[in-house]
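Engineer: Please read through the structure below; I'll follow up with questions.
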Amino acid sequence: MAGSLPPADLRPVYIHNRKFIGSKQNLLDFIGGVISARAPEARTAADLFAGSGVVADYLAQRGLRVVAADHLFCNYVPVRAFLATPPGAVDPERLGRLLRELNALPGRQGYAWTHYGGTYFTHENAARIDAIRDQIAHWQETGAIGEAEAMLLLTSLLYAADKVANTCGQYDAYLKHLGREPYAPDGTHLVDASAYRPLELGWPMYRPDGDRHRVYLADANQLVREVEVDLLYLDPPYNTRQYVDNYHVLENLARWEKPPLRGKTRKFDRTGLKSPYSSRTRAAAALADLVRAARCRHILLSYSSDGIIPPAEIVAILATRGPVEVFEHPYRIFGNGAGRSRRRPVVERIFYCRVQD
Ligand SMILES: C[S@@+](CC[C@H](N)C(=O)[O-])C[C@H]1O[C@@H](n2cnc3c(N)ncnc32)[C@H](O)[C@@H]1O
79 MAGSLPPADL RPVYIHNRKF IGSKQNLLDF IGGVISARAP EARTAADLFA
129 GSGVVADYLA QRGLRVVAAD HLFCNYVPVR AFLATPPGAV DPERLGRLLR
179 ELNALPGRQG YAWTHYGGTY FTHENAARID AIRDQIAHWQ ETGAIGEAEA
229 MLLLTSLLYA ADKVANTCGQ YDAYLKHLGR EPYAPDGTHL VDASAYRPLE
279 LGWPMYRPDG DRHRVYLADA NQLVREVEVD LLYLDPPYNT RQYVDNYHVL
329 ENLARWEKPP LRGKTRKFDR TGLKSPYSSR TRAAAALADL VRAARCRHIL
379 LSYSSDGIIP PAEIVAILAT RGPVEVFEHP YRIFGNGAGR SRRRPVVERI
429 FYCRVQD
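Each residue of the sequence shown is one higher than the one before, starting from 79 at the first, in the working numbering.
Here it is, written out as structure tokens:
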């Protein structure tokens, strides 16, 4: 379902058209099955670790009124644009004109070109990113575009940049051989072939019922104290890889504060953006605090068998609020890092708690 159909010359961009580590896109039926079995009467839901937003979008598709949040700006912006663009806030013809105007801009040798050209992006695409991102910032500063338009344009840019990034789908490293053939004779992945395609903005297929949903740039443990819903869906990071490290390039393009970058992987200072859920010493306490503060009737927690917090401890934390059941789904995920991708089996679990108090 979309807010409006894209004009013929602009490619449609869907919320799931993004490579996102830990995306539950392939587990929506599993999540939906647990909701149907245990919380069929739920009318409102919160997804406080929204990531790519595909679960929040799925809940909205099921007719629930959704609150979604993420603490990274590069996740908040697309989720807000896809889910919560109010009907009537954007004139589709004007949005089409703005996207075409941005697509036609010549490249500019600016911040992205200097820092990401020849590594995360080709120099040509990095220069296009500079021109487009500067123009969006200029339109915002001068009041030429409204907030809903800015969110959609930025979303279009983030998805387009992600599509032509010279990475394995995360930005902890780039593939080192920009300019060469995509694969070595032994099958080693050298360059993502799509990195050579010209960056092209598409049309974000935003929902038509955006006034029913709310999306926040927020810390889950703080926001949980502000919301009351029937169903609380939780999908925190489950390992020590910080999302901000995996997505620092998109976060930097989204914020566009042009900070100094350090090291071979060209990261900005991410103090304050690290999640306690990716810390071995802090994850369990953070989850316990969140569960204690939750005001809801059902809690669904997705957590991999690979995770930092042992299953028995998760059950103990949830059991402080009511009886707990564990649903399991065997699942294969892509291995991490550059090189030949490998699939390894893990068990994806949903811990379900029927809140009693
Ligand atoms: C496993 S991913 C969620 C994936 C999502 N369900 C999907 O299908 O795309 C975890 C997300 O939690 C976010 N996150 C980590 N710590 C957070 C916090 N304290 N508050 C809000 N979001 C947080 C990360 O930025 C990341 O996007």
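We treat Cβ as the ideally placed atom computed from N, Cα and C, and that holds for glycine.
If you're wondering where the values come from, they're calculated on a predicted model, not measured in any experiment.
Within the present structure, is the beta-carbon of Gly100 separated from the nearest heavy atom of ligand 1 by less than 7 Å?
Structural biologist: Under cutoff, so the answer is yes.
Engineer: Give the DSSP-derived three-state secondary structure of Ile428 in the structure shown.
Structural biologist: Ile428 falls in the strand class under three-state DSSP.
Engineer: By the DSSP assignment, the beta strand (DSSP E) with Arg380 in it spans what residues?
Structural biologist: Position check: residue 380 holds Ser in this sequence, whereas Arg was assumed. That run of the beta strand (DSSP E) goes 376-382.
Engineer: Following the continuous alpha helix (DSSP H) through Leu161, name the residue where it begins and the one where it ends.
Structural biologist: First-last of the alpha helix (DSSP H) with Leu161: 151-162.
Engineer: Would you call Glu329 buried or exposed, if buried means 16 or more other Cβ atoms sit within 10 Å of its Cβ?
Structural biologist: Buried, because 16 or more other Cβ atoms sit within 10 Å of the Cβ of Glu329.
Engineer: Within the present structure, is the beta-carbon of Gly265 separated from the nearest heavy atom of ligand 1 by less than 7 Å?
Structural biologist: Because no heavy atom of ligand 1 lies under 7 Å away, the Cβ of Gly265 does not count as near it: no.
Engineer: Here's a check: name, in chain order, each residue in its chain whose Cβ is nearer than 8 Å to the Cβ of Val433, leaving out the five neighbours to either side.
Structural biologist: The answer, listed in chain order, is Ala372, Cys374, Arg375, His376, Ile377, Arg399, Gly400.
Engineer: Is the region 298-317 in contact with the region 113-123, if contact means three or more CB pairs nearer than 8 Å?
Structural biologist: Touching, per the Cβ criterion.
Engineer: For ligand 1, is there a heavy atom less than 7 Å away from the beta-carbon of Ser130?
Structural biologist: Yes, the Cβ of Ser130 comes within 7 Å of a heavy atom of ligand 1.
Engineer: Apart from the five residues on each side of it in sequence, which residues of its chain come closer than 7 Å, Cβ to Cβ, to Gly385?
Structural biologist: These residues qualify, in order along the chain: Tyr316, Asn317.
Engineer: Between the Cα of His291 and the Cα atoms of Leu176, Ala147, Glu426, Leu105, which residue gives the shortest distance?
Structural biologist: Of Leu176, Ala147, Glu426, Leu105, the residue nearest in Cα terms is Ala147.
Engineer: What is the DSSP secondary structure of Glu391, reduced to helix, strand or coil?
Structural biologist: The answer is helix: DSSP assigns Glu391 an H, G or I state.
Engineer: Distance check for Ser234 and Tyr92, CA to CA, integer angstroms please.
Structural biologist: Taking the straight line from one Cα to the other gives about 10 Å.
Engineer: Using 8 Å as the Cβ pair cut-off and three pairs as the minimum, do the region 328-348 and the region 190-209 touch?
Structural biologist: These segments touch.
Engineer: Just curious, the beta strand (DSSP E) that Ala117 is in, first and last residue?
Structural biologist: Taken as a continuous stretch (DSSP letters only), Ala117 belongs to no beta strand (DSSP E), as it is neither H nor E.
Engineer: Are Ala238 and Pro164 touching if we call contact CB-CB under 8 Å?
Structural biologist: Not a contact, by the Cβ cut-off of 8 Å.
Engineer: What's the call for Pro286, buried or exposed, on a 16-neighbour Cβ count within 10 Å?
Structural biologist: Per the 10 Å Cβ criterion, exposed.
Engineer: Run through the region 292-372 for me and flag every whole beta strand (DSSP E) of 3 or more residues, listed as ranges in chain order.
Structural biologist: You should have 292-295, 309-312.
Engineer: Please report the straight-line C-alpha distance between Tyr284 and Leu173, rounded to a whole angstrom.
Structural biologist: Those two C-alpha atoms are separated by around 12 Å.
Engineer: Round the Cβ separation of Arg158 and Val293 to the nearest angstrom and send it over; I've been treating them as touching at under 8 Å.
Structural biologist: Confirmed, about 4 Å.
Engineer: So, is Ser419 buried or exposed, given that buried needs 16 or more other C-beta atoms within 10 angstroms?
Structural biologist: Because Ser419 sits at a pLDDT of 48, beneath the cut-off of 50, its placement in the model cannot be relied upon, and the following sentence gives the value as read from the coordinates. Exposed is the call here.
Engineer: Three or more beta-carbon pairs under 8 Å between the region 349-357 and the region 200-210, yes or no?
Structural biologist: As far as the Cβ criterion goes, the region 349-357 does not touch the region 200-210, which means the pair count is below three.
Engineer: Please identify the residue among Asp169, Arg175, Glu171, Thr200 whose C-alpha is closest to the C-alpha of Gly185.
Structural biologist: That would be Thr200, whose Cα lies nearest to the Cα of Gly185.
Engineer: By the three-class DSSP mapping on this structure, what secondary structure does Arg206 have?
Structural biologist: The answer is helix: DSSP assigns Arg206 an H, G or I state.
Engineer: With three or more C-beta pairs closer than 8 Å as the rule, is the region 106-116 touching the region 294-303?
Structural biologist: Flag = no, the region 294-303 and the region 106-116 do not touch.
Engineer: Taking 7 Å as the cut-off, is the C-beta of Phe127 nearer than that to any heavy atom in ligand 2?
Structural biologist: In terms of ligand content, the structure shown lacks ligand 2 and carries ligand 1 instead.
Engineer: Going by Cα to Cα distance, which pick from Leu161, Gly166, Leu183, Tyr136 is closest to Leu277?
Structural biologist: Closest by alpha carbon: Leu183.
Engineer: So for Pro408, helix, strand or coil by DSSP?
Structural biologist: Here Pro408 sits in strand by DSSP.
Engineer: Counting only the same chain and skipping the five closest in sequence on each side, list residues whose C-beta sits under 7 Å from that of Gln213.
Structural biologist: Same-chain partners within the cutoff: Leu180, Leu183.
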